[in-house]
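Q: Following this message is one structure expressed as structure tokens.
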Amino acid sequence: MTRLTPCADDRQRQALEGFTARLRAMHAQGLADPGLWDHLRARARNAKLTYLANPAPWLDLLAERLEGRGARVHFAVDAAEARDMVLGILQQAGARKVVKGKSMTCEEIALNPALEAAGVQVSETDLGEFIIQLAGEPPFHILGPAMHRDRGQVADLFAEKLGQRVPAEPEALTKLARATLRRRFLEADAGISGVNFAACREGALAIVTNEGNGRFVTSLPPLHIAVMGLEKPLPTLADLGATLELLTRAAIGAPLSTYSSWLAAPAGLSGAGGPRQLHLVVVDNGRSRILGGKFWEILLCLRCSSCLNFCPVYGLAGGHAYGSVYPGPMGSVLSCLLEDLAPGPDLAQASTLCGLCRQECPLGIDLPGLLLGLRQAGTEAAPAANLLPGLAAQVLSRRGLFDVVCRLAPAGIKVLEKLPEALRPPGPWREWRAGGRALPNAPGHPWLARQPREDGHD
Amino acid sequence: MNHLQPITPPPRASLFVTCLADALLHPVAQACRKVLRAQGVTVDLPPDQVCCGNSLHKTGQAGAAARVGAAWVRAFAQGGDIVSPSGSCVAHLRRNLAELLSGQPELARLAPQAATLVGRTYELTEYLQRRLGLTRLAGAKAPTRPWVYHPSCGLHRSLGEDQAPYALLEALPGRPRLELPRAERCCGFGGPFSVSHPELSGALLGDKLAAAAAAGAQVLVVGDLGCLLHLSTGAQARESGMQVVHISQVLAGEVV
Amino acid sequence: MTRREFLARLPQRPDLAPGPIPPRPGGPPPDLAAALLEALAAGGCGVRRASTAGEALDAALVLAREAGVTRLGHHDLGPELTPLLPAAAKRVGIELVEAGDGDEQAVALAEPLAAGLTRPELAVAQLGALVHLARPGGGRLLSLMPPLHLALVHAGDILWSLDDLAARLDAPPDPPVDAWPALTLISGPSKTGDIEAVMVRGVHGPGRVEVVAWGWTAPANPLKDQALTGLAPRGNLAPS
């Protein structure tokens, strides 16, 4: 397996540092009132635990409510079934032009390539997603998918793909994107979105954005398909409100996103302006298996990106290095557990377990604990790799053996230092030096060997 | 309470120096004993001690970590309070030891004894400030050159001891502490991470040394032992001139 | 997979137990309208206060005229405002275009407009949000499509918290939740930081939002047409 390394592109790494620093500051603002923070955390955690303790009846209720008002609810066991369902709904409606809101779940199930292969034109409408769609790249960060691209690069991209050259300034570029996407909103046959949370008792889906593209996607086209991981629902609308507030405070330090759409039915059916068809596709793709096991806590994740923004490893490596839809600490856990998401690098090892993620996570998810659990699962699955640790365990539990190793160490280190690089045996000493460190000075005896056992016997 | 009542018998503590200090970081072991004695603590050194099993546990080797943990229990079975200079080791013992032992059929019977021992195991600053109630320590003084403190993750977050180290450092006579920019950012050691991800580990090392230098420091005081090994050998390789020491050495008045 | 099959696969975790919830600090202040406007201003809206419906309407229309608007979209603004609208528009020389939700032509009518005037049904003061319910003749489209959104809020429609909103949506005499198909919460102008983290307003939704609240228990000298706090408007205004 490959390992995670620092992002080689200096400019991208600097952009990432600037971006995450801003978000860290906003997050700190969001947490500024400890009494409010404790209240919201407890409400959101309770809501999620109540749902996850027994999701089936809640999900059943959500489906009943929505279908009672003319929506349709579908259930997909894995990514392939989810893709087929979405495509089926589009084909049945004869929809060929789709506008899409930002959805990590849709990226997880690799929806876009499947739709495009079937001749459906898909337009991402979140500005950052629009940019990376044109560039053919994966997202770099959960909240800012295109934050690794500078204004000059975006201007070139727009000139090449949209056929229009505008000044390389964020305002002019945004104006061009707005005009382009406005046309697509008006022409679209269908809108596809994710779902931030759902309220089961009332039967409502919540989709939030700061740009407003979520509102267009869910209200202009005659057909709306919402794709939702099965861990997203909450018991009630009041729970949903509190959880939305917690998410937004953690993510950007504000009480609410600019826009929140709460959808309980196809609004067009009652002449209220909106789609005449509303479909919800509920996706499992490994979530039910996770819920039944020791890693269930990752299902509490609100996708706020706080762990990414504080993680020293993510801050150096950047989003593309993870080889997965979900980067950073939460991504390192989720990517190893969901179906079909085998990331390239060994993500469970790529952490110092410093605990900053757990500290800043609005729900206090024990991410380091989950990563450790994944490491354990990995060693249990590969017993052959246990020889060296077994040897280490012998040395570290026997005073006599430990003494011997300490006495041999200086000679061993001298030999290692004198050997030419090519002849040096593989071992942690190589990596130690590769990290820009000298080999430690070994005193040649353990400290304890030269101490009297107790005070008063010097 | 800032001094010991003369009629109370002086406290006793068993010093758990850790495998790292015993093998490579002798000045830390020395300083720990010195600072404890200076406060009137009688220190004994259980001779069979080696390691608590933390680094094996971090590689995911639960069985191996349990065996090492069992040896730790046997080594410290006699005696009272146990004090260690490593917050990450004490955090590991508190969080994981009993559970690890329970998970191995032949070691499970040690779990209750382990829980008892861990109940009286302390990290050094925690022991001095909370158990002994001391803030101004006999024999302690600040470094004479500009210095900063890196609040090691194992001590401040894993163990959750965010106050005692700062309280003890604030009370030092002499040059006050400089602020370390982005102090909460990990130094990049992370146990097995230091050799499984050398590029990332080295980059974080460089950043931490640079932050200390940017603050104008010539001495970087750290809270844990892995940080000490990693940052001091890093400073050496980079010929940065930054002196890296453990907090116990400062509290023992050993850093000039 | 069918619903039944899917649900049958979901495990139960009775070990996941909820815990105590510390109460939320702070409570509703006496003047909800002031709290709402302050929170909306923090979210980037221009805010103003008026004593009567007529004054609020005039204030909004003056803002539109100052922005160069000649054709203004509106929807069913309710019994307090609707009778006053034609005369008020004539006073400032603005042509009115009716484009309420559900109208077949609404999208086509709303698209070229430079401004939309709406009456949110509700508002949430604690977090600073306007609430538009999806209903025939509603104002959601007008709050989304034109680059300038003018909103008139009646003090009596202002709730304190999201909990209050959830409860209100559930309770008569307003339509119970089974009758509202959708709603939108709006807390400021559309914005993004997706390019180099530089904030730009008016990405898809309006780049400028102006809110006028009317009806309050006024002390001796009401702050007539005076902006409480408000950021300088930015965004794309194309006079029509």
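Chains as they are written, first to last, in numbering that gives the first Met the number 0: chain A, 0 to 457; chain B, 0 to 255; chain C, 0 to 239. Beta carbons: idealized from backbone N, C-alpha and C, even for Gly.
#1: So is C226(B) in contact with chain A if we call contact Cβ pairs under 8 Å?
#2: Taking the alpha carbon of G92(C) as the reference point, which residue from R64(C), A109(C), D75(C), A105(C) has its own alpha carbon closest?
#3: Counting C-beta neighbours from all protein chains within 10 Å, is the total for V403(A) 16 or more, i.e. buried, or is it exposed?
#4: Enumerate in chain order the residues of its own chain whose CB-to-CB distance from R463(A) is below 8 Å, with the five nearest sequence positions on each side excluded.
#5: Hey, out of V106(C), W159(C), A87(C), whose CA is closest to A122(C)'s CA?
#6: Exposed or buried, which one is E4(C) when buried takes at least 16 other CB atoms within 10 Å?
#7: With a threshold of 8 Å between beta-carbons, can E195(C) be considered close to chain A, or not?
#8: Any idea if T183(C) is buried or exposed, counting beta-carbon neighbours within 10 angstroms, 16 or more meaning buried?
#9: Taking Cβ to Cβ, would you say V226(A) is nearer than 8 Å to C306(A)?
#10: Within the stretch 256-336 of chain A, note down every full beta strand (DSSP E) run reaching 3 residues or more, in order along the chain.
#11: So, under 8 Å CB-CB, T19(A) and G314(A) are touching, yes? Tell me the CB distance rounded to an integer number of Å.
#12: Kindly indicate which three-state DSSP category A166(C) falls into: helix, strand or coil?
#13: Rounding to the nearest angstrom, what Cα-Cα distance links G204(C) and R183(A) in this structure?
#14: Ordered along the chain, which non-local residues of its own chain (more than five positions away) have a Cβ less than 7 Å from that of H319(A)?
#15: Rounded to the nearest angstrom, how far is the Cβ of S151(B) from that of G78(B), given a contact under 8 Å?
#16: Going along the stretch 345-368 of chain A in order, which residues come within less than 9 Å of chain B, judged by CB to CB distance?
#17: Given a threshold of 16 other Cβ atoms within 10 Å of its Cβ, counted over all protein chains shown, does V255(B) qualify as buried or as exposed?
#18: I'd like to know if K57(B) contacts chain A, where contact means its C-beta is closer than 8 Å to some C-beta of that chain.
#19: Report back the beta-carbon spacing between A270(C) and P145(C) to the nearest angstrom; my notes put them in contact at under 8 Å.
#20: If distances are taken between C-alpha atoms only, which option among P311(A), A380(A), D37(A), L15(A) comes closest to E195(C)?
#21: May I ask you to list the residues that DSSP assigns as paired with M227(A)?
#22: Identify, in the order they occur along the chain, each residue of the same chain with its Cβ nearer than 7 Å to the Cβ of R302(A), setting aside the five sequence neighbours on each side.
#23: Whose Cβ in chain A lies nearer than 7 Å to the Cβ of W179(C)?
#24: Whose CA, out of T191(C), A154(C), P135(C), lies closest to the CA of D30(C)?
#25: Starting from the beta carbon of P134(C), find every residue of chain A whose beta carbon is closer than 7 Å, and list them in chain order.
#26: Let's see if you can read the secondary structure: which residues bound the alpha helix (DSSP H) around V394(A)?
#27: Do three or more CB pairs link the stretch 161-172 of chain A to the stretch 65-77 of chain A at distances below 8 Å?
#28: Report the rounded CA-to-CA distance for K99(A) versus E115(A), giving the unit in angstroms.
#29: On a Cα-Cα basis, can you pick out the residue from L9(C), L168(C), S186(C), S189(C) that is closest to W179(C)?
#30: Does the distance from the CB of L55(B) to the CB of A381(A) come in under 8 Å?
#31: Does DSSP put F5(C) in a helix, a strand or coil?
#32: Are the Cβ atoms of G45(C) and V152(C) separated by less than 8 Å?
#33: Leaving out the 5 sequence neighbours to the left and right, which residues in its chain are closer than 6 Å to P191(B) when beta-carbon positions are compared?
#34: Chain A partners of G72(C), CB-CB under 8 Å?
#35: Is the shortest distance between the beta-carbon of N308(A) and the beta-carbons of chain B less than 8 Å?
#36: Classify R458(A) as helix, strand or coil using the three-state DSSP reduction.
A: Let me lay it out:
#1: As a working note, residue 226(B) is residue 227 in the second sequence. With 8 Å as the cut-off, C226(B) does not count as an interface residue toward chain A.
#2: Here residue 92(C) corresponds to residue number 93 of the third sequence, with the count starting at 1. It is R64(C).
#3: Against the first sequence, residue 403(A) aligns to sequence position 404. So V403(A) counts as exposed.
#4: Residue 463(A) lies beyond the range of chain A shown here (0 to 457); nothing can be said about it.
#5: Position 123 of the third sequence, counted from the start, is the residue given in the question as residue 122(C). For the residues V106(C), W159(C), A87(C), the minimum Cα distance to A122(C) belongs to W159(C).
#6: In the third sequence, the residue the question calls residue 4(C) occupies position 5. By the 10 Å Cβ count, E4(C) comes out exposed.
#7: Working through the third sequence from its first residue, we reach residue 195(C) at position 196. True, the Cβ-Cβ gap to chain A drops below 8 Å.
#8: Taking the first residue of the third sequence as 1, we reach residue 183(C) at position 184. The residue is buried, with at least 16 neighbouring Cβ atoms inside 10 Å.
#9: Numbered from 1 along the first sequence, position 227 holds the residue referred to as residue 226(A). Numbered from 1 along the first sequence, position 307 holds the residue referred to as residue 306(A). Not in contact: V226(A) and C306(A) (Cβ atoms no closer than 8 Å).
#10: 258-262, 276-282
#11: Locating residue 19(A) in the first sequence gives position 20, where the first residue counts as 1. Locating residue 314(A) in the first sequence gives position 315, where the first residue counts as 1. Rounded, the Cβ-Cβ distance is 6 Å, consistent with contact.
#12: Taking the third sequence and counting its residues from 1, one reaches residue 166(C) at position 167. Note: A166(C) maps to helix in three-state DSSP.
#13: On the third sequence, position 205 is the one that residue 204(C) refers to. On the first sequence, position 184 is the one that residue 183(A) refers to. So the two alpha carbons sit approximately 14 Å from each other.
#14: Position 320 of the first sequence holds residue 319(A). Same-chain partners within the cutoff: P137, F139.
#15: As a first step, residue 151(B) must be located in the second sequence, where it is residue number 152. As a first step, residue 78(B) must be located in the second sequence, where it is residue number 79. Wrong, their Cβ atoms sit about 27 Å apart, outside the cutoff.
#16: D345, A347, Q348, A349, S350, T351, L352, C353, G354, L355, R357, Q358, P367, G368
#17: The count along the second sequence starts at 1 and reaches residue 255(B) at position 256. With fewer than 16 Cβ atoms within 10 Å of its Cβ, V255(B) is classed as exposed.
#18: Numbered from its first residue, the second sequence carries residue 57(B) at position 58. So yes, K57(B) belongs to the interface.
#19: Summary: the structure shown does not reach residue 270(C), with chain C confined to residues 0 through 239, and so no result is reported for it.
#20: The sequence position of residue 195(C) within the third sequence is 196, counting from 1. If we check each option's Cα against that of E195(C), L15(A) comes out closest.
#21: Counting from 1 along the first sequence, the entry for residue 227(A) is found at position 228. M227(A) has V281(A) as its beta-bridge partners, per DSSP.
#22: Numbered from its first residue, the first sequence carries residue 302(A) at position 303. So the list reads M103, I141, once near-sequence residues are dropped.
#23: Here residue 179(C) refers to the residue found at position 180 of the third sequence. Chain A residues near W179(C): A263.
#24: Taking the third sequence and counting its residues from 1, the one referred to as residue 30(C) is at position 31. The option with the nearest alpha carbon to D30(C) is A154(C).
#25: Here residue 134(C) corresponds to residue number 135 of the third sequence, with the count starting at 1. Here residue 134(C) is Arg; the residue named in the question, Pro, does not match the sequence. A271, listed in chain order.
#26: Position 395 of the first sequence holds residue 394(A). First-last of the alpha helix (DSSP H) with V394(A): 386-396.
#27: no
#28: Counting from one through the first sequence, the residue named residue 99(A) turns up at place 100. Counting from one through the first sequence, the residue named residue 115(A) turns up at place 116. Approximately 13 Å between the Cα atoms of the pair.
#29: For the purposes of this step, residue 179(C) is taken as the residue at position 180 of the third sequence. Nearest C-alpha to W179(C): L168(C).
#30: Here the question's residue 55(B) lines up with position 56 in the second sequence. Here the question's residue 381(A) lines up with position 382 in the first sequence. No, Cβ-Cβ distance for L55(B) and A381(A) is not below 8 Å.
#31: Position 6 of the third sequence, counted from the first residue, corresponds to residue 5(C). In the structure shown, F5(C) sits in a helix (DSSP, three-state: H, G or I).
#32: Within the third sequence, residue 45(C) is the residue found at index 46, counting from 1. Within the third sequence, residue 152(C) is the residue found at index 153, counting from 1. No, the Cβ-Cβ distance between G45(C) and V152(C) is not below 8 Å.
#33: Within the second sequence, residue 191(B) is the residue found at index 192, counting from 1. Counting only Cβ-Cβ distances below 6 Å, and skipping sequence neighbours, we find K57, T58.
#34: Indexing the third sequence from 1 puts residue 72(C) at position 73. Within 8 Å of the CB of G72(C), no CB atom of chain A is found; the nearest one sits about 13 Å away.
#35: Position 309 of the first sequence, counted from the start, is the residue given in the question as residue 308(A). Interface residue (Cβ-Cβ distance to chain B less than 8 Å): N308(A) is not classified as such.
#36: Because chain A in this structure spans residues 0 to 457, residue 458(A) falls outside the shown range and cannot be described.
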